[in-house]
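Here the protein sequences come in this chain order: A and B.
Counted the way the working numbering counts, the first sequence spans residues 49 to 145.
Counted the way the working numbering counts, the second sequence spans residues 15 to 504.
For reference, the structure discussed in these notes is given below.
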Amino acid sequence: MSITKKDVDHVARLARLTLTNEEKERYTAQLESILSYIEKLNELDTTNVPPTAHVLPISNVWREDRADQKHLGSTEDLLANAPEREGPFFKVKKVIE
Amino acid sequence: MDLLSLTASEIASKIRSRELTSEEVTAAFLERIRRFDPEIKAFNEVFSDHALAQAKEIDTKISKKEQVGPLAGVPIAIKDNMLIRGELCTCSSNILTGFRATYDAYVIRRLRAAGTVFLGRTNLDEFAMGSSTENSALRTTRNPWDFQCIPGGSSGGSAASVAARLAPLALGSDTGGSIRQPAALCGVNGFKPTYGRVSRFGLVAFASSLDQIGPFATNARDMAILLQAIAGYDENDSTSVNHPVPDYSAALDEDLQGLRIGLPKEYFIEGLDADVKKAVQEAIKVLQGLGATVQEISLPHTEYSLAVYYILAPSEASANLSRFDGVRYGRRAADAGNLLELYERSRGEGFGPEVKRRIMLGTYALSAGYYEAYYAKAQKVRTLVKHDFDEAFKTVDIIVTPTTPTPAFRIGEKVSDPLQMYLSDIFTISCNLAGLPGLSLPCGLSGSRLPIGMQLLGKPFNEETILRVAHQYGKKTSWHKQIPKLGVPA
């Protein structure tokens with residue numbers, strides 16, 4: 049598997065990461081080295097092996113869809129961590145032109 | 015009072031019987047932190063005032079003969095990736111600058127009920143990604159046994175704090191060895207319980223199918239008491255398991271007659287440090303002397319675990335860390351032109367090099383065209399790794415291995431080569447992939463007087479057998495009582 053700087057650009061965009069040119073060069077080489085180590089998995093035939101997502105035999109744990117202020121803190125507590133706010137809202141750049 | 019020689023359970027009983035006050039004990043540990051932590055750098059923050067206030071509260075309750083928990087008045091250090099309401103939580107990352115927890119993690123709530131006093135937040139590799147604390151954006155913690163060496167990671171601050179007796183107890187989290195590896199390198203006990211045994215609610219997520227919170231202590235009895243205080247079902251963590259929690263302390267005293275130990279041949283390999291090999295072999299002889307039987311076993315897919323881990327953990331991390339976007343909390347890049355730029359720059363500037371490397375790796379592995387080749391393939395090999403353990407546990411009760419291939423390495427030695435750094439976790443990763451409980455305990459010192467750890471791996475939800483082995487071994491040996499001299503004058 050050969051990783052190019054174009055791949056790194058593409059992945060950085062998907063991951064929403066601004067990288068410097070120096071970082072891009074470093075990650076190109078390092079990802080290539082890590083991924084070539086990971087190629088090792090292809091030594092194994094896994095045709096009939098089921099995947100393990102996690103080890104527990106539990107699935108579909110439901111709860112009621114409601115805000116949980118007792119455990120998570122009040123609206124005001126949560127907003128206090130915002131870099132920018134306006135009233136009871138998180139403030140961001142204009143999304144729709 | 016000689017605090018250094020007291021265990022947490024002894025401290026607890028002396029506080030309960032009013033032979034000591036929590037305030038005296040807390041003040042004594044704070045004083046040790048003040049004296050030694052400027053060099054060791056285990057803590058991101060010390061809660062000096064809050065801790066003393068908490069201690070006085072406990073003392074008042076005890077003097078009024080009110081009901082108090084089993085760890086009432088005992089100080090504890092908390093890895094800085096667990097939420098303590100009202101306190102900062104940084105994950106040793108710049109992206110969480112100024113973030114204050116709005117609620118208590120489940121384990122913190124349980125510890126409040128048990129009566130512990132919170133001493134402070136301990137350093138880690140940024141977002142728990144690393145094996146040395148060198149990936150912390152805030153500081154590199156030093157190994158109390160040799161200040162030139164790393165303490166291990168990612169829970170390096172917690173391990174170092176207990177090793178240097180800056181705290182009698184600590185909590186860490188373990189995704190691929192992040193409790194056991196630093197415990198081994200610092201010469202203390204560290205335990206990753208079965209996946210699902212301890213709630214992850216309020217633990218900042220790294221890789222959700224692998225993360226687990228666990229205790230650090232100097233001895234097995236304290237480990238049992240601390241695990242007891244945090245284990246159990248929590249409806250706020252959908253992977254928490256509603257399985258009965260046994261009395262861990264009661265299980266310690268049974269002997270090891272007839273215990274079947276498996277030694278996986280894949281862990282006693284070339285490249286294993288000679289001192290480590292010798293120390294673990296000696297420890298196994300001690301266990302045999304206590305009545306255990308030993309047989310060689312095989313875990314044939316061991317050599318693939320690291321590759322599986324370095325697909326699954328970064329993939330899960332890339333999804334989990336998408337929440338850090340500069341909008342709801344944490345650091346926001348200044349002067350971004352539009353929303354996309356705000357995301358990209360907040361993240362690009364806020365995350366450190368290892369975190370970005372893993373986000374890139376995980377995003378790549380999950381991206382269109384590569385998902386089957388990497389993520390799906392790794393999930394299938396994970397099944398094979400788990401199957402190896404299922405087979406082994408048909409004939410043995412516990413598996414014994416070295417925790418790490420070498421003692422602590424020097425600060426700076428592996429920073430430029432990520433793959434070499436990853437290889438230091440080679441013996442601890444399979445346990446997370448299989449979801450098993452695993453404990454590291456001290457079993458020797460190397461020629462250059464660095465601690466060596468032995469790893470005990472058990473069947474799912476069989477923490478008590480592991481604790482019993484650790485306790486019985488600790489009764490016959492004194493490695494866990496060795497305290498580093500600390501490289502600064504008293």
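Even for Gly, the Cβ is constructed at its ideal location relative to N, Cα and C.
| Is ARG61(A) near ARG361(B), with beta carbons less than 8 Å apart? | One thing to note: ARG61(A) has its Cβ no nearer than 8 Å to the Cβ of ARG361(B).
| request: Give the DSSP bridge partners of ASP160(B), in chain order. | output: ASP160(B) is bridged to ASN157(B).
| request: Return the residues of the region 233-258 of chain B that lie within a Cβ-Cβ distance of less than 8 Å from chain A, sorted by chain order. | output: Hits within the stretch, in order: GLU249, ASN250, SER252, THR253 and VAL255.
| field | Sheet register partners of THR136(B) (DSSP bridge) | value | Under DSSP, THR136(B) forms a beta bridge with PHE57(B) and LYS93(B).
| Quick one: Cα of LEU326(B) to Cα of VAL82(B), how far? | Approximately 42 Å, taken between the alpha carbons.
| query | Any Cβ of chain B within less than 8 Å of the Cβ of SER50(A)? | reply | No, its Cβ sits nowhere closer than 8 Å to a Cβ of chain B.
| task | Taking only the alpha-carbon atoms, compute the straight-line gap between VAL97(A) and VAL395(B) and give it to the nearest angstrom. | result | The straight-line gap separating the alpha-carbon atoms of VAL97(A) and VAL395(B) is approximately 8 Å.
| query | Going along chain A, which residues have a C-beta under 9 Å from ARG522(B)? | reply | The question about residue 522(B) has no answer here: the residues shown for chain B are numbered 15 through 504.
| For ALA504(B), the three-state DSSP class (helix, strand or coil) | At ALA504(B), the pLDDT of 38 sits below 50, so the modelled position is not reliable; the number obtained from the coordinates is stated separately. Residue state, collapsed to three classes: coil.
| task | Could you tell me which residues DSSP pairs with THR415(B) in its beta bridges? | result | THR415(B) is bridged to GLN469(B).
| field | Stretch pair the region 32-42 of chain B + the region 84-92 of chain B: three plus CB contacts closer than 8 Å | value | Yes: the two stretches touch, three or more of their Cβ pairs being nearer than 8 Å.
| query | Interface residues of chain A around THR377(B) at Cβ under 8 Å? | reply | The contacting residues are VAL59, LEU62 and ALA63.
| field | Beta-carbon proximity of TYR436(B) to TYR324(B), cut-off 8 Å | value | Yes, Cβ-Cβ distance for TYR436(B) and TYR324(B) is below 8 Å.
| request: Count the other CB atoms, across all protein chains shown, that sit within 10 Å of the CB of ILE412(B); report buried if there are 16 or more and exposed otherwise. | output: By the neighbour-count rule (16 or more Cβ atoms within 10 Å), ILE412(B) is buried.
| query | Any idea which residues DSSP pairs PHE138(A) with across the strands? | reply | Looking at the DSSP output, PHE138(A) shares a beta bridge with ARG133(A).
| Within chain B, the residues that GLY135(A) reaches when beta carbons sit closer than 8 Å | Taking a Cβ-Cβ threshold of 8 Å, none of the residues of chain B is close to GLY135(A); the smallest such distance is about 15 Å.
| Between the CA atoms of LEU183(B) and LEU44(B) - distance to the nearest angstrom | Rounded to whole angstroms, LEU44(B) to LEU183(B) spans 14 Å at the Cα level.
| query | Using the beta-carbon of each residue, which ones in chain B are nearer than 8 Å to ASN129(A)? | reply | Going along chain B in sequence order, the residues near ASN129(A) (Cβ under 8 Å) are GLY112, PHE113, ARG114, THR116, ARG342, TYR343 and GLY344.
| Is there a Cβ from chain B that is less than 8 Å from the Cβ of ASP125(A)? | At least one chain B Cβ lies under 8 Å of ASP125(A).
| message | Starting from LEU453(B), trace the beta strand (DSSP E) in both directions and tell me its first and last residue. | response | Element bounds for LEU453(B): 452-459.
| query | With burial defined as no fewer than 16 other Cβ atoms inside 10 Å of the residue's Cβ, what is the status of ALA65(B): buried or exposed? | reply | With 16 or more Cβ atoms within 10 Å of its Cβ, ALA65(B) is classed as buried.
| query | So, does the CB of LYS53(A) fall closer than 8 Å to a CB anywhere in chain B? | reply | It does not; no Cβ of chain B falls within 8 Å.
| field | Classification of PRO52(B) by the beta-carbon crowding that lies within 10 angstroms, buried from 16 upward | value | Per the 10 Å Cβ criterion, exposed.
| said: Let's test the definition: count the other Cβ atoms within 10 Å of the Cβ of LYS473(B) and tell me whether it reaches 16, buried, or not, exposed. | reply: Label assigned to LYS473(B): buried.
| said: Is there a C-beta anywhere in chain B that falls below 8 Å from the one on HIS102(A)? | reply: So, interface residue.
| query | Where does LYS93(B) land, buried or exposed, given buried means 16+ other C-beta within 10 angstroms? | reply | Buried: at least 16 other Cβ atoms inside 10 Å.
| said: Can you check whether the C-beta of ILE86(A) is within less than 8 Å of a C-beta belonging to chain B? | reply: By this cut-off, ILE86(A) is an interface position.
| Option nearest ASN149(B) by Cα separation, candidates PRO432(B), LEU453(B), SER462(B) and SER444(B) | Among PRO432(B), LEU453(B), SER462(B) and SER444(B), the Cα nearest to that of ASN149(B) belongs to PRO432(B).
| said: So that I know if they touch, is there some Cβ in chain B lying closer than 8 Å to that of GLU73(A)? | reply: By this cut-off, GLU73(A) is not an interface position.
| task | Report the three-state DSSP secondary structure of ASP73(B) (helix, strand or coil). | result | Helix.
| said: Using a 10 Å radius around the Cβ and a threshold of 16 neighbouring Cβ atoms, would you call HIS485(B) buried or exposed? | reply: Per the 10 Å Cβ criterion, buried.
| said: Taking the straight line between their C-alpha atoms, what separation do you get for CYS163(B) and SER462(B)? | reply: Taken atom to atom, the span from the alpha-carbon of CYS163(B) to that of SER462(B) is near 12 Å.
| said: Given this structure, state the Cα-to-Cα distance separating SER141(A) from ALA348(B), to the nearest angstrom. | reply: The sequence given here places Lys at residue 141(A); Ser does not occur at that position. One Cα belongs to LYS141(A), the other to ALA348(B), and the distance between them is close to 12 Å.
| Assigned secondary structure, PHE338(B) (DSSP; H/G/I helix, E/B strand, else coil) | In this structure, PHE338(B) counts as coil in the three-state DSSP scheme.
| C-beta contact flag for THR111(B) and ARG342(B) at 8 Å | Result no, Cβ atoms of THR111(B) and ARG342(B) do not sit closer than 8 Å.
| task | Using a Cβ cut-off of 9 Å, pull out every chain A residue sitting near TYR388(B), in sequence order please. | result | Residues of chain A passing the Cβ test: LEU83, ILE86 and LEU89.
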